[in-house]
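Q: Protein sequence lines correspond, in order, to chains A and B.
Take any residue in the first sequence, count from 1 to its spot, add 2: that is its number in my numbering.
Take any residue in the second sequence, count from 1 to its spot, add 10: that is its number in my numbering.
All C-beta atoms in this analysis are idealised placements derived from N, C-alpha and C, irrespective of residue type, glycine included.
The model shown is predicted, which means the values in this text are computed figures rather than measured ones.
My questions all concern the structure below.
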Amino acid sequence: MKPLEIPTMDMENKEVLRRIEVGGDMLLNMGPQHPSTHGVINFLVQTDGEVMKRAIPEVGYLHRSLEKIGERCTYNGYMPYTDRVDYIAAMFANQGWAMAVERLLGMQVPKRAEYCRIIACELNRISSHLISVGTMAMDVGAVTPFPYALREREFINDLLEELCGARLTYNYLRIGGVAFDLPTGYEEKVSTFLDHFEKILDEFNRLITYNEIFVKRLAHLAPISKEMAIDYCLVGPNLRASGVKFDVRKDLPYSIYPELQFDVPVGKGEVGTQGDSWDRFWCRVEEMRQSCRILRQCLVQIPKDSQVMGKVPRKIKLTEGLEAYSRIESARGDMQYYVVAGPGENAHRVKIRTGSFTAMGIIDALSRGLMIADLVALIASLDVVAPEIDR
Amino acid sequence: MQSFLDNLIRNAGHDPSTWPWTQFVYLAGMGAIAFVVINFAAITAGIFSWAERRVAARIQSRVGPNRVGPGGFLQWIADAVKLLLKEDLVPDEADQFLFRIAPYFMMVGFACVFVCLPFSHRLIVADMNIGIFFIIAVTALIVVGIIMSGWSSNSKWSLFGAIRSAAQIISYEIPAGMALMIPVMLAGTLSTQGIIRAQGGWPWQWFLFDNPAAFAAFFIYFISALAEGNRTPFDLPEAESELVSGYNTEYSGMRFSYFFLVEWGNMWIMSALATTMFLGGWQLPGLTPERFDALTGGSAVVAELASLALFAGKTLFFVFVVMWLRWTLPRIRVDQMMNMCWKYLVPISFAGVLFVAVWMLVVHAVPALGIAMRVLLTAAGAFGVGAFVVRTLKNIRDTGDKFDFTSNW
Chain A
3 MKPLEIPTMD MENKEVLRRI EVGGDMLLNM GPQHPSTHGV INFLVQTDGE
53 VMKRAIPEVG YLHRSLEKIG ERCTYNGYMP YTDRVDYIAA MFANQGWAMA
103 VERLLGMQVP KRAEYCRIIA CELNRISSHL ISVGTMAMDV GAVTPFPYAL
153 REREFINDLL EELCGARLTY NYLRIGGVAF DLPTGYEEKV STFLDHFEKI
203 LDEFNRLITY NEIFVKRLAH LAPISKEMAI DYCLVGPNLR ASGVKFDVRK
253 DLPYSIYPEL QFDVPVGKGE VGTQGDSWDR FWCRVEEMRQ SCRILRQCLV
303 QIPKDSQVMG KVPRKIKLTE GLEAYSRIES ARGDMQYYVV AGPGENAHRV
353 KIRTGSFTAM GIIDALSRGL MIADLVALIA SLDVVAPEID R
Chain B
11 MQSFLDNLIR NAGHDPSTWP WTQFVYLAGM GAIAFVVINF AAITAGIFSW
61 AERRVAARIQ SRVGPNRVGP GGFLQWIADA VKLLLKEDLV PDEADQFLFR
111 IAPYFMMVGF ACVFVCLPFS HRLIVADMNI GIFFIIAVTA LIVVGIIMSG
161 WSSNSKWSLF GAIRSAAQII SYEIPAGMAL MIPVMLAGTL STQGIIRAQG
211 GWPWQWFLFD NPAAFAAFFI YFISALAEGN RTPFDLPEAE SELVSGYNTE
261 YSGMRFSYFF LVEWGNMWIM SALATTMFLG GWQLPGLTPE RFDALTGGSA
311 VVAELASLAL FAGKTLFFVF VVMWLRWTLP RIRVDQMMNM CWKYLVPISF
361 AGVLFVAVWM LVVHAVPALG IAMRVLLTAA GAFGVGAFVV RTLKNIRDTG
411 DKFDFTSNW
């Protein structure tokens, strides 16, 4: 097979944009406006009929220089921007940034604020996974699970809106705490939702997870072995589906996670090979269940005081060259912030490491010999979100 | 058709054979019938588009279109008007001629089927003696239209859809044709009315419960019909998540609406054929076709309307099942689709044809065996329906759901 060169966006040579075949194979541009690439990503697909020889992800369509913006804003001012790193699960990006700067300041966050953060984050994890499993079912052709998942997500959106006034880009966390305390009666509302939601998860499993066609489509599809998952730096549910029991919440605990009981679901290859697309789907469904467990414990254990902000200087000025690194388990896995303090009120360097970006790297290796319909399922099973890839 | 018009004119007290312009009368009659049939096809397709969206909405726990008219019923008219008024875009590099005529091929293949599709005891455009053969033949025109549209669009996604569709429809015509052979053998005729007449009004008189092969053939036909009509789980040619929209990606306006008209109208065709071939068609329980023929006056009209309602009821039930499947099941992959056809459906349908041939000889020798088999299969069918209802009720109870037919209309 002749290797496929990535066409460059060379405006001098427009011919390359119109190229339709590569060494006798068809070159298919899947994206950037394709309905199931989950955002503006382009896949250059080298196909022979329905069978793909290779799919090369071409990222960068949604690059907004978020890291550079982080170097120009004040530390507090950057918080709303972090929402845009991953707009499906904005709370985690907030938390990563807040934790990194708190480490620079060397400060402690009030206990209640930590609980507020975890409640918000776990709710957000459920809503993010709901989108993931819903769209995955839709990409495989079952349209009905998607509205069901989104209906549940609406309840979470309502809860988060009550908490912070926003439904998508929350800007809820602050450096040193959270913006608002839980509203009155919030605990009851969340626990009512959880009672309802755990039943819905069972219904969801009946509806799609064990559906014969769904299992046939996803079992044995693009399995990732343990070694391969580690080699390609996969994180989060994608890594755990391959059987690697690594969860930042457990293995490098932060915030109040050491005080909470929960399991880390690992892909077992229940219907196919370990680490296949169905395992990745199943891992997310199980993680939602674990998030429910975490939420229930948080609602019981949350301290009853009302202090949700620590003492933070009005203008954060740090010693130049101070470094901090934070790792959190986002809905898409290990999210890391690296911050170097600058001379003034802003950072000298901000670097964000996200799960979707590394997940894109493995697509080329996995795509060989799959069908076009499988590529769609594969992208969905890796749960990539375009803004998180490009930042 | 000709004799029908002759009868009509003779009843009015004239003899058409003496007229110098009889042929024109026939022509006008044909035109009128064609107008009625095409409009029936178009209007049912339109209403199904509304029905499907409402059904989908209820299945997906949404409300669906409910603004235009009572329960949103006139939505399809609003959509049709909108689509008619839209610009009819033809892509710059498309094959202009093929691109423009492709929808008409689909339309012709679709409308021709209605010629020998029965509606009730007497209501049929032409009860041809090659009815089923004609239906299978003209539906193949649809695939010509699909390939044309996919090829001429000059888009790779459309081409993928068209090629998938061609492979799918041509493959699935074989099991569908073989499955339809079984009722044809049992009835001994290809005429659609003849096949219905060979059955009876009660469930145990239907071909569905005649013998195990016919029972299997019904499901094979239904699966194949789903595949031929590009319905989920076989909607690969227009798989939205894979191929954007498949062969109709580049179409807009009225030409686009033709594709959907055909898809929805096809639901009536596949369901009406299933009813005709396996479910006793318009046969009223307790009224044999001979006694039906002998009825006159008001009772004939009542029986005719009752048979029409029964046929429409059975057909609409299957239309609902088709919608229900679409909004429940995922889509299968193209290789799985081919495997299913060639490895399972084709061999089973061939075996079924052989079985029925032997079975007919056996039943001819021992008629009691035929009756025993009918009783057994009808009981099995009733048990299946019962088990389904019990399971559904259990699922509803488990989730704590309730029936709600009143709110949110």
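1. When the cut-off is 9 angstroms and only beta carbons count, does phenylalanine 157 of chain A lie next to chain B?
2. Does DSSP classify proline 260 of chain A as helix, strand or coil?
3. Classify lysine 92 of chain B as buried or exposed, calling it buried when 16 or more other Cβ atoms lie within 10 Å of its own Cβ.
4. In whole angstroms, what is the alpha-carbon distance linking proline 389 of chain A and arginine 355 of chain A?
5. Where alanine 67 of chain B and proline 260 of chain A are concerned, what is the direct C-alpha to C-alpha distance, given to the nearest angstrom?
6. One question on the structure: do phenylalanine 327 of chain B and alanine 224 of chain B come within less than 9 angstroms of each other, judged by their Cβ atoms?
7. Residues in its own chain within less than 7 angstroms of alanine 112 of chain B by CB, not counting five upstream and five downstream?
8. Check each residue of the segment 383-414 of chain B: if its Cβ is closer than 9 angstroms to any Cβ of chain A, include it; give the result in chain order.
9. Between proline 128 of chain B and the rest of its own chain, which residues show a CB-CB distance below 8 angstroms, the 5 nearest in sequence each way excluded?
10. The ligand SAM heavy atoms versus the CB of aspartate 183 of chain A: any closer than 8 angstroms?
11. Rounded to a whole number of angstroms, what is the C-alpha to C-alpha distance between alanine 375 of chain A and arginine 343 of chain B?
12. If you check the beta carbons only, do methionine 280 of chain B and phenylalanine 228 of chain B fall under 9 angstroms apart?
13. Suppose only complete runs of 4+ residues qualify. What are the alpha helix (DSSP H) ranges in the segment 291-364 of chain B, listed by chain order?
14. Which residue's Cα is closest to the Cα of isoleucine 128 of chain A: A/Arg291, A/Ala379 and A/Val386?
15. Mind listing the chain E neighbours of serine 71 of chain B? Cutoff is C-beta to C-beta under 7 angstroms, in chain order.
16. Roughly how many whole angstroms lie between the Cα atoms of tryptophan 86 of chain B and leucine 271 of chain B?
17. Could you name the residues of chain A that aspartate 345 of chain B contacts, counting a contact when the two beta carbons are closer than 8 angstroms?
18. Grab the span of the alpha helix (DSSP H) containing isoleucine 206 of chain B for me, first residue to last.
19. Determine, using beta carbons only, whether serine 181 of chain B and threonine 259 of chain B come nearer to each other than 9 angstroms.
20. Would you mind stating whether alanine 100 of chain A and isoleucine 177 of chain A have Cβ atoms separated by less than 9 angstroms?
21. Could you say if the segment 297-317 of chain B and the segment 70-84 of chain B meet the contact criterion of at least three C-beta pairs nearer than 8 angstroms?
22. Around the C-beta of alanine 224 of chain A, are 16 or more other C-beta atoms found within 10 angstroms, so that it is buried, or is it exposed?
23. Does the CB of asparagine 15 of chain A have a neighbour CB from chain B at under 9 angstroms?
24. Could you check which residue in A/Glu322, A/Asn207, A/Ala168 and A/Val237 has the C-alpha nearest to that of alanine 122 of chain A?
25. Would valine 352 of chain A and tyrosine 63 of chain A be called neighbours here (beta carbons separated by less than 9 angstroms)?
26. Please list, in chain order, all residues of the same chain as cysteine 423 of chain A whose beta carbon is under 6 angstroms from its beta carbon, the five residues on each side excluded.
27. According to DSSP, what are the bridge partners of threonine 76 of chain A?
28. Cβ of leucine 335 of chain B within 9 angstroms of Cβ of proline 243 of chain B?
29. When the Cα atoms are used, what is the spatial distance from alanine 333 of chain A to arginine 77 of chain B?
30. To be precise: take each residue of the segment 316-347 of chain B, compare its Cβ to all Cβ atoms of chain A, and keep it if any distance is under 9 angstroms. Which residues remain?
31. Quickly, what does DSSP pair proline 59 of chain A with across the bridge? List them, please.
32. Does the beta-carbon of threonine 146 of chain A have 16 or more other beta-carbons within 10 angstroms, so that it is buried, or is it exposed?
33. Beta-carbon of lysine 218 of chain A versus every beta-carbon of chain B: anything under 9 angstroms?
34. Does chain B have any CB closer than 9 angstroms to the CB of leucine 30 of chain A?
35. Compare the Cα-Cα distances from serine 193 of chain A to each of A/Tyr77, A/Ser67, A/Gly344 and A/Cys294 and report the closest residue.
36. Work out the CA separation of glutamate 103 of chain B and arginine 20 of chain A for me, nearest whole Å.
A: Reading it off the structure:
1. In the first sequence, residue 157 of chain A corresponds to position 155, counting from 1. Closer than 9 angstroms: no.
2. The residue you call residue 260 of chain A lines up with position 258 of the first sequence. Note: proline 260 of chain A maps to helix in three-state DSSP.
3. Here the question's residue 92 of chain B lines up with position 82 in the second sequence. Label assigned to lysine 92 of chain B: exposed.
4. If you number the first sequence from 1, residue 389 of chain A lands on position 387. If you number the first sequence from 1, residue 355 of chain A lands on position 353. Roughly 12 angstroms between the two C-alpha positions.
5. Reading the second sequence from its first residue, position 57 is the one you call residue 67 of chain B. Reading the first sequence from its first residue, position 258 is the one you call residue 260 of chain A. When rounded, the distance between both Cα atoms is 44 angstroms.
6. Locating residue 327 of chain B in the second sequence gives position 317, where the first residue counts as 1. Locating residue 224 of chain B in the second sequence gives position 214, where the first residue counts as 1. Result no, Cβ atoms of phenylalanine 327 of chain B and alanine 224 of chain B do not sit closer than 9 angstroms.
7. Translated into positions along the second sequence, residue 112 of chain B becomes position 102. Gly155, Met158, Ser159 and Ser162, listed in sequence order.
8. Asn405, Asp408, Thr409, Gly410 and Asp411
9. Mapped onto the second sequence, residue 128 of chain B falls at position 118. Excluding sequence neighbours, proline 128 of chain B sits near Ile134, Asp137, Thr202, Gln203, Ile206, Ala282, Thr286, Gly291, Trp292 and Phe321.
10. Absence of the ligand SAM is noted for the structure shown, with no ligands found whatsoever.
11. By 1-based counting over the first sequence, the position of residue 375 of chain A is 373. By 1-based counting over the second sequence, the position of residue 343 of chain B is 333. Alanine 375 of chain A and arginine 343 of chain B: Cα-Cα distance of roughly 7 angstroms.
12. In the second sequence, counting from the first residue as 1, residue 280 of chain B sits at position 270. In the second sequence, counting from the first residue as 1, residue 228 of chain B sits at position 218. No. Outside cutoff.
13. 299-304, 307-336 and 344-349
14. Taking the first residue of the first sequence as position 1, residue 128 of chain A is located at position 126. When each option's Cα is compared against that of isoleucine 128 of chain A, the closest is A/Arg291.
15. The structure shown has no chain E; the protein chains it does contain are A and B.
16. By 1-based counting over the second sequence, the position of residue 86 of chain B is 76. By 1-based counting over the second sequence, the position of residue 271 of chain B is 261. Distance between the alpha carbons of tryptophan 86 of chain B and leucine 271 of chain B: 11 angstroms.
17. Counted from its first residue, the second sequence places residue 345 of chain B at position 335. Glu52 and Met373, listed in chain order.
18. Within the second sequence, residue 206 of chain B is the residue found at index 196, counting from 1. It spans 202-207 - the alpha helix (DSSP H) in which isoleucine 206 of chain B sits, taken as one unbroken run.
19. Numbered from 1 along the second sequence, position 171 holds the residue referred to as residue 181 of chain B. Numbered from 1 along the second sequence, position 249 holds the residue referred to as residue 259 of chain B. In this structure, threonine 259 of chain B does not lie closer than 9 angstroms to serine 181 of chain B by Cβ.
20. Walking along the first sequence from the start, residue 100 of chain A turns up at place 98. Walking along the first sequence from the start, residue 177 of chain A turns up at place 175. Yes; because the gap between Cβ atoms is below 9 angstroms, this pair is in contact.
21. no
22. Looking up residue 224 of chain A in the first sequence gives position 222. That one is buried.
23. Position 13 of the first sequence, counted from the start, is the residue given in the question as residue 15 of chain A. In this predicted model, asparagine 15 of chain A has a pLDDT of only 42, less than 50, meaning its place in the structure is not dependable; the value taken from the coordinates is given anyway. With 9 angstroms as the cut-off, asparagine 15 of chain A does not count as an interface residue toward chain B.
24. If you number the first sequence from 1, residue 122 of chain A lands on position 120. The option with the nearest alpha carbon to alanine 122 of chain A is A/Ala168.
25. Counted from its first residue, the first sequence places residue 352 of chain A at position 350. Counted from its first residue, the first sequence places residue 63 of chain A at position 61. No, they are not a contact pair.
26. Lying before the first or after the last residue shown, residue 423 of chain A is absent from chain A, which here runs from 3 to 393.
27. Taking the first residue of the first sequence as 1, we reach residue 76 of chain A at position 74. Note: threonine 76 of chain A sits in a beta bridge opposite A/Asn348.
28. Position 325 of the second sequence, counted from the start, is the residue given in the question as residue 335 of chain B. Position 233 of the second sequence, counted from the start, is the residue given in the question as residue 243 of chain B. Yes, Cβ-Cβ distance for leucine 335 of chain B and proline 243 of chain B is below 9 angstroms.
29. Reading the first sequence from its first residue, position 331 is the one you call residue 333 of chain A. Reading the second sequence from its first residue, position 67 is the one you call residue 77 of chain B. Cα-Cα distance, rounded: 39 angstroms.
30. Arg336, Trp337, Thr338, Leu339, Pro340, Arg341, Ile342, Arg343, Val344, Asp345 and Gln346
31. Counted from its first residue, the first sequence places residue 59 of chain A at position 57. BP columns for proline 59 of chain A point to A/Phe45.
32. For this step, residue 146 of chain A is matched to residue 144 along the first sequence. With 16 or more other Cβ atoms within 10 Å, it is buried.
33. Position 216 of the first sequence, counting from 1, holds the residue named residue 218 of chain A. Yes, lysine 218 of chain A lies at the interface with chain B (some Cβ there is under 9 angstroms from its Cβ).
34. Taking the first residue of the first sequence as position 1, residue 30 of chain A is located at position 28. Output row for leucine 30 of chain A: interface = yes.
35. Here residue 193 of chain A corresponds to residue number 191 of the first sequence, with the count starting at 1. Ranking the options by Cα distance to serine 193 of chain A, first place goes to A/Cys294.
36. As a working mapping, residue 20 of chain A is identified with position 18 in the first sequence. As a working mapping, residue 103 of chain B is identified with position 93 in the second sequence. Only weak support is given to the placement of arginine 20 of chain A: the predicted model assigns it a pLDDT of 44, under 50, and the value that follows is read from those uncertain coordinates. Near 13 angstroms, if we compare the C-alpha coordinates of glutamate 103 of chain B and arginine 20 of chain A.
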